[in-house]
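Heads up: the structure comes next, in structure tokens.
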Amino acid sequence: SAQTGQVLFLAGRDVTSTDNSLTVNADGAIRMASSSGIDFSGNGSVTLNAGDYIEIFEGTNINLQGDGVLTLNAANVTNTTRIGGDLTTAGSGGIAFNSNVTFNGSGNQSIDAGTGTLTTGGTISKNSGDLTLTGNAGIDINGSVSANGGSVSLTGNGVDIDGSIEVYGTGNDVTIDSGSGALTVGSYVYINDGGASLTGTGVNVDDSIWAYGAGKDVTIDSGSDALIVDGYVYAARDAVLLSGDIVTVSGQIGAGNDTIVTAGNKITLGSASASGNVSVGSVSGDVEINGPVESVNNNISLTGNNITLAGDVTASNGDVDLNGTVFADGAGSQTFSAGNALT
621 SAQTGQVLFL
631 AGRDVTSTDN
641 SLTVNADGAI
651 RMASSSGIDF
661 SGNGSVTLNA
671 GDYIEIFEGT
681 NINLQGDGVL
691 TLNAANVTNT
701 TRIGGDLTTA
711 GSGGIAFNSN
721 VTFNGSGNQS
731 IDAGTGTLTT
741 GGTISKNSGD
751 LTLTGNAGID
761 INGSVSANGG
771 SVSLTGNGVD
781 IDGSIEVYGT
791 GNDVTIDSGS
801 GALTVGSYVY
811 INDGGASLTG
821 TGVNVDDSIW
831 AYGAGKDVTI
841 DSGSDALIVD
851 GYVYAARDAV
861 LLSGDIVTVS
871 GQIGAGNDTI
881 VTAGNKITLG
891 SASASGNVSV
901 GSVSGDVEIN
911 GPVESVNNNI
921 SLTGNNITLA
931 GDVTASNGDV
941 DLNGTVFADG
951 AGSQTFSAGN
961 ALT
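All letters in the sequence shown, in the order written, are residues 621 to 963 by the working numbering.
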């Protein structure tokens, strides 16, 4: 039951907003529950303004059928907005949250902003199950993303996450497809037992990427634009696969399988290592590696116009193949060694 100052939706049928907007104001909380879902028809926008929190109960799916905006404004940003079902908009209006959002449905949940933009004013968290976020015109998250017990997938033409991404649970992954727009992550990416796939027209991660899943790669593809990671890229139990027009990783690349880096132009790495093969190749630019390059069990291949190396190059059980003009630029002595051929 609703308490004083609250608004409680117990919908037995759909709500028609025609071509005008529907605004619900409450001094307290707004809570919504319907086992069959709540459809808002017409082309108007729907705005929920709560003086406290907003809660959509488990299994309650909300669908805005027209081109309006679905906006959820909760004054109590500490208590967060709690979503137990799916949210969908059919048109270009999109979905906007002003606060932190907790998706607390026990299973998988989907938030689909249609051809519009999905925006949040704070962090996003998911307690269990997979979380899928879609906004064709873009996704803008003014905070971090965390999931405990499910994978996270974001798809939009331009994805901007101000904070970190953390995913926990066995075999759970991070998948972000930024389409024709840039992908930006303002902090680190951590996956305790999964992998990561980050794609966009330009990818910029402002800290390190760690992934610890068996058989789980870290794949980053920035298309015809730059790939920049201001930290490490680490796939503890499988491969690191990086590609873009320009590739810059300030820290170490480490892989339990292969490390493969390809670019149309310049590649700059802090260092590169792998249990398997290490392959770093530029089609028409230079390669600069500011630390050691090591393959524990296989081969090393470095290709570029000019190859500048500041550390040792070691393939104890394989070949070392240097394709380009090599500059040994370390501060002290350097060693290039191969268990087999060095060319």
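Every residue, glycine too, gets a C-beta built ideally from N, C-alpha and C.
It should be emphasised that the depicted structure is a prediction, and the values quoted were computed from it without experimental measurement.
Cβ-Cβ distance between residue i and residue j below 7 Å
i      : j      : result
Ser899 : Ser921 : yes
Ala646 : Ala670 : yes
Asp687 : Gly648 : no
Thr819 : Asp845 : no
Ser784 : Tyr808 : yes
Asn960 : Asp939 : yes
Gly801 : Gly778 : yes
Asn824 : Ile848 : yes
Ile715 : Leu690 : yes
Ile674 : Ala694 : yes
Asn681 : Gly705 : yes
Integer-rounded CB distance, given that residue j should sit under 8 Å from residue i
i      : j      : result
Thr963 : Asp932 : Not confirmed; about 17 Å, so no contact.
Gly901 : Lys886 : Actually they do not touch by this definition, with Cβ atoms about 12 Å apart.
Gly725 : Gly749 : 6 Å
Leu761 : Gly776 : Per the sequence presented here, residue 761 reads as Ile, with Leu not at that position. At roughly 10 Å, the Cβ-Cβ gap does not stay under 8 Å, so Ile761 and Gly776 are not in contact.
Asn910 : Ala930 : 5 Å
Ala855 : Ala875 : 5 Å
Cβ neighbour criterion (16 or more within 10 Å) applied to residue i
i      : result
Asp794 : It is worth fixing the name first, because residue 794 is Val in this sequence and not Asp. Under this definition Val794 is a buried residue.
Gly835 : exposed
Ala951 : exposed
Ser842 : buried
Ser957 : exposed
Ser745 : buried
Ser915 : buried
Ser936 : exposed
Phe568 : Outside the displayed span of the chain (621 to 963) sits residue 568, for which this structure offers no information.
Ser656 : exposed
Phe947 : exposed
Ser828 : buried
Beta-carbon contacts of residue i that lie in its chain and below 6 Å, excluding the five residues immediately before and after
i      : result
Gly789 : Gly769
Ser641 : Gly664, Ser665
Ala631 : Confidence at Ala631 is low in this model, with a pLDDT of 47, below 50, so the placement of that residue is unreliable and no value is reported for it.
Ser766 : Ser745, Glu786
Thr603 : Not covered by the structure: residue 603. The range shown for the chain is 621 to 963.
Thr739 : Ala716, Asp760
Thr737 : Gly714, Gly755, Ala757, Gly758
Trp830 : Tyr810, Tyr854
Ser891 : Gln872, Gly911, Pro912
Thr667 : Thr643, Thr691
Gly851 : Asp827, Ser828, Gly871
Ala894 : Ala875, Asp878, Thr879, Ser915
Asn683 : Asp659, Thr708
Arg857 : Ala834, Gly876
Residues near residue i in its chain [Cβ-Cβ closer than 7 Å; skip 5 each side]
i      : result
Gly791 : Asp813, Gly814, Gly833
Val867 : Leu847, Val881, Ala883, Ile887
Ile840 : Leu818, Val823, Leu847, Leu862
Asn926 : Asp906, Gly944, Thr945, Phe947
Residues of its chain near residue i, where Cβ-Cβ distance is below 8 Å and the 5 sequence neighbours each way are ignored
i      : result
Asn897 : Asp878, Thr879, Ile880, Ser915, Asn918, Asn919, Ile920, Ser921, Gly938
Gly727 : Ser748, Gly749
Any non-hydrogen atom of the ligand HEM closer than 6 Å to residue i Cβ
i      : result
Ala649 : No copy of the ligand HEM occurs in the structure displayed, which carries no ligand at all.
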